[in-house]
Structure formats: C-alpha cells, structure tokens
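S.K.:
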Ligand SMILES: C[S@@+](CC[C@H](N)C(=O)[O-])C[C@H]1O[C@@H](n2cnc3c(N)ncnc32)[C@H](O)[C@@H]1O
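Residue numbers (our numbering): 1 to 293.
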C-alpha cells in the first residue's frame with residue numbers, strides 16, 4: 001500500500017469492519033441465550049473513526065469529497081461499529097497506545113451514553129495488557145470476541161498463545177501478509193539477524209525460514225555452491241500462518257480473507273480463530289460463512 005497507513009483505507013477497510021461486525025451480531029445473538037458475561041475487546045482501537053487525516057498534516061483531510069459522499073457509518077472505525085451492534089455486549093474494552101488517539105477514543109462514552117458505563121478505556125500497550133488479562137482473569141464465566149487490527153507486526157506470538165490459552169476468546173486477527181511479512185522475506189534469503197529475530201518472535205517459531213526458502217547445492221568452479229531462493233509466496237505465507245494458529249487454537253477458519261489494495265496487492269489477511277473447544281465448530285462455521293467472498 002502506498003502512502004501512510006493513517007490515510008483513507010479504501011474498500012478493504014470497510015469490508016474488513018463489516019465482516020467483523022457481522023460476526024459480532026451473530027455472536028451476541030447466540031450468547032444472549034447463554035449464562036456467560038461477554039465482552040468485545042478491541043486492542044488496536046484507534047480513535048473510533050477511520051482516520052481520514054494524515055498524521056503529518058494534522059487537520060488536513062486527504063479526500064474531503066469522500067466525507068460528504070460517504071455516509072457517517074462508512075467512516076466509523078471498529079470501536080464505533082462494535083458499539084452499534086445489536087444485541088449489545090455486556091462490556092466493551094478499547095485499548096490504544098497512542099495518547100492523542102486515546103483522547104479521541106474517550107469521546108465514545110459521550111457518543112454512546114446508553115452503554116457508557118460498560119465501556120472500559122485502556123491507554124496501554126496491547127501485548128502486555130492482553131497477556132496480563134488473559135493469564136490473570138478468571139475466564140470460567142466470561143467470554144469475549146477480540147479484534148486485533150494492527151498496522152504491521154505489532155502482535156507478538158506470546159499474545160496469541162495467551163489468548164488461545166483462555167479457551168474463552170474468539171479472535172479476529174489482521175495478519176500483515178503483504179504489508180510486512182512478504183516484504184521482509186528477501187528474494188535471496190539473506191535476512192538481517194534483527195529481522196530474523198523479529199520474524200521468529202512474530203511467528204513463535206523458526207521453521208518459517210525452511211518453509212519460505214529452498215536451498216540448492218551444485219558443483220561450481222571452486223567446489224559445492226549453495227544457493228537459496230524464495231519459494232514462499234502469498235499463499236504459502238498465508239498457509240503457514242494458519243498452521244501456526246492451529247497449533248494453539250481449538251478451531252481456525254480455513255478461508256482467511258486476503259484484503260487487496262487498489263493495485264490488487266494483498267495487504268493483509270483477515271483470520272479467525274476460536275479458543276473454546278466446545279464452541280469451536282459453530283464459531284468457525286459462522287466465521288467461514290462471513291469470510292466467503
Ligand atoms: C489500524 S489502526 C486501528 C484502526 C481501528 N481498528 C479502526 O477500525 O478504526 C491501529 C491502531 O493501533 C494503535 N497501536 C499501534 N501499536 C499498538 C500497541 N502496541 N498497543 C496498542 N495500540 C497500538 C495505533 O496507534 C493505531 O491507532
């Protein structure tokens with residue numbers, strides 16, 4: 001994607017949010033009939049609005065004509081969309097690290113007075129907050145849908161593991177397929193140690209290297225020569241991530257949705273995983289239907 005990620009996201013952003021909102025509706029409809037207390041958790045919440053302004057030009061709209069042309073709802077971010085889902089959730093937890101965006105997020109309580117006292121606003125780093133919440137909260141009578149909508153590789157594998165361990169959370173995860181991972185996987189396989197470590201931490205494994213690169217040896221002028229080349233394409237990377245999720249979750253949707261930019265490059269992959277073994281089958285079925293194009 002060219003330009004800054006704060007700029008107007010295009011259709012794929014609306015598509016992503018719509019699908020997650022569809023799941024929230026289905027989820028709340030089913031959970032309403034059960035005994036659990038259930039929350040919506042948005043760990044990369046933003047401001048509540050899909051940001052139209054560029055961060056380097058505060059206050060300046062990139063596409064002012066779109067603000068007029070599109071309905072307000074179209075421009076609402078994940079937090080505002082979730083707050084409008086009916087049936088409602090018992091609790092809404094919004095996490096945002098950036099102080100300025102967090103200030104804007106506070107306005108949600110004024111904008112949604114009927115649920116204001118059930119909105120929890122957290123100005124913190126998502127990974128540490130989530131790991132603590134997952135490991136130290138008693139999940140027996142609690143359930144949640146968690147939306148992880150980062151720009152890039154901000155979600156640590158340790159966080160994914162902690163989420164799965166609760167066996168109480170349904171996860172929607174935006175995997176940075178083209179925007180980060182594929183770009184870091186250089187064609188020649190000479191990956192800087194710092195990048196390698198970052199990918200190891202991100203995937204929680206090291207076998208990605210053998211999966212995405214093939215080594216061939218041939219006899220050259222000065223003896224055997226080893227050559228590496230990239231075999232990992234968008235599909236291989238997506239499959240690998242789904243396999244990684246399957247190692248910790250009870251169920252994972254098998255049709256994650258690639259989100260393409262206007263030049264038809266896949267930026268992200270919208271993935272779904274569920275931690276509770278008893279609810280997994282139904283949850284995955286609903287998510288897979290929602291993910292179908
Ligand atoms: C893609 S935006 C989220 C957009 C939002 N879901 C929406 O639909 O409007 C990512 C947000 O995550 C925040 N963020 C980035 N790293 C974070 C972290 N480690 N912990 C918490 N928030 C973070 C950014 O400040 C940004 O507001």
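For each residue, glycine too, the CB sits at the ideal point set by N, CA and C.
For residue 17 and residue 189, I'd like the C-alpha separation in whole angstroms.
M.R.: Computed Cα separation, rounded: 35 angstroms.
S.K.: Under DSSP, the alpha helix (DSSP H) around residue 210 begins and ends at which residues?
M.R.: That run of the alpha helix (DSSP H) goes 208-212.
S.K.: Going by beta-carbon coordinates alone, are residue 170 and residue 196 separated by less than 9 angstroms?
M.R.: Contact flag unset, no.
S.K.: Tell me whether residue 245 sits in a helix, a strand or coil according to DSSP, three-state version.
M.R.: Helix.
S.K.: Nearest by alpha-carbon distance to residue 213: which of 106, 228 and 204 is it?
M.R.: It is 228 whose Cα lies nearest to the Cα of residue 213.
S.K.: Please report the distance separating the alpha-carbon of residue 231 from that of residue 103.
M.R.: Taking the straight line from one Cα to the other gives about 45 angstroms.
S.K.: Using beta-carbon positions only, say whether residue 269 and residue 241 come within less than 9 angstroms of one another.
M.R.: Yes, the pair counts as a contact, with Cβ atoms nearer than the cut-off.
S.K.: The alpha helix (DSSP H) that contains residue 160, what's its start and end?
M.R.: Here the alpha helix (DSSP H) through residue 160 covers 157-165.
S.K.: Spell out a yes or no on whether the region 26-38 and the region 105-122 are touching, meaning 3 or more CB-CB pairs, one atom from each, closer than 8 angstroms.
M.R.: With the cut-off at 8 angstroms, the region 26-38 and the region 105-122 do not touch.
S.K.: In this structure, how does DSSP classify residue 139 when only helix, strand and coil are distinguished?
M.R.: Three-state DSSP puts residue 139 in coil, outside helix and strand.
S.K.: Does the beta carbon of residue 233 come closer than 9 angstroms to any beta carbon on chain D?
M.R.: Protein chain content of the structure displayed is limited to a single chain, and chain D is not contained in it.
S.K.: Applying the 10 Å Cβ sphere with the 16-neighbour rule, what's the burial state of residue 254?
M.R.: Result: exposed.
S.K.: Pop quiz: residue 49 and residue 19 are said to be a contact at Cβ under 8 angstroms. What is the actual Cβ separation, rounded to whole angstroms?
M.R.: Between residue 19 and residue 49 the Cβ distance is about 19 angstroms, and since that is not below 8 angstroms, they are no contact.
S.K.: Less than 8 angstroms between C-beta atoms, sequence neighbours within five positions excluded: which residues of the same chain meet that for residue 105?
M.R.: Once the five neighbours on either side are set aside, the close Cβ partners of residue 105 are 45, 46, 47, 48, 79, 94, 96 and 121.
S.K.: Quick one: Cα of residue 150 to Cα of residue 174, how far?
M.R.: Residue 150 and residue 174: Cα-Cα distance of roughly 7 angstroms.
S.K.: Report yes if the C-beta of residue 180 is less than 8 angstroms from at least one heavy atom of ligand 1; otherwise report no.
M.R.: It does not: the Cβ of residue 180 is nowhere closer than 8 angstroms to a heavy atom of ligand 1.
S.K.: For residue 135 and residue 76, what's the separation of their Cα atoms in angstroms?
M.R.: Each residue's Cα considered, the two are about 32 angstroms apart.
S.K.: Ends of the beta strand (DSSP E) at residue 174?
M.R.: Start and end: 169-175.
S.K.: Would you identify the three-state DSSP class for residue 144, choosing helix, strand or coil?
M.R.: DSSP places residue 144 in strand when its eight states are reduced to three.
S.K.: State the start and end residues of the unbroken alpha helix (DSSP H) segment that holds residue 203.
M.R.: From DSSP, the alpha helix (DSSP H) with residue 203 extends over 193-203.
S.K.: As a quick exercise: from 176, 205, 194 and 186, pick the residue whose alpha carbon is nearest that of residue 158.
M.R.: Of the candidates 176, 205, 194 and 186, the one whose C-alpha sits nearest the C-alpha of residue 158 is 205.
S.K.: Between the C-alpha atoms of residue 234 and residue 182, what's the straight-line distance to the nearest angstrom?
M.R.: For residue 234 and residue 182, the distance between alpha carbons rounds to 7 angstroms.
S.K.: For the candidate residues 185, 83, 278 and 277, whose alpha-carbon lies nearest to that of residue 210?
M.R.: Out of 185, 83, 278 and 277, 185 has the C-alpha closest to the C-alpha of residue 210.
S.K.: Mark residue 219 as exposed unless 16 or more other C-beta atoms lie within 10 angstroms of its C-beta, in which case mark it buried.
M.R.: Label assigned to residue 219: exposed.
S.K.: Just checking residue 45 against ligand 1 - is the residue's beta carbon closer than 8 angstroms to any of the ligand's heavy atoms?
M.R.: Residue 45: yes, Cβ under 8 angstroms from ligand 1.
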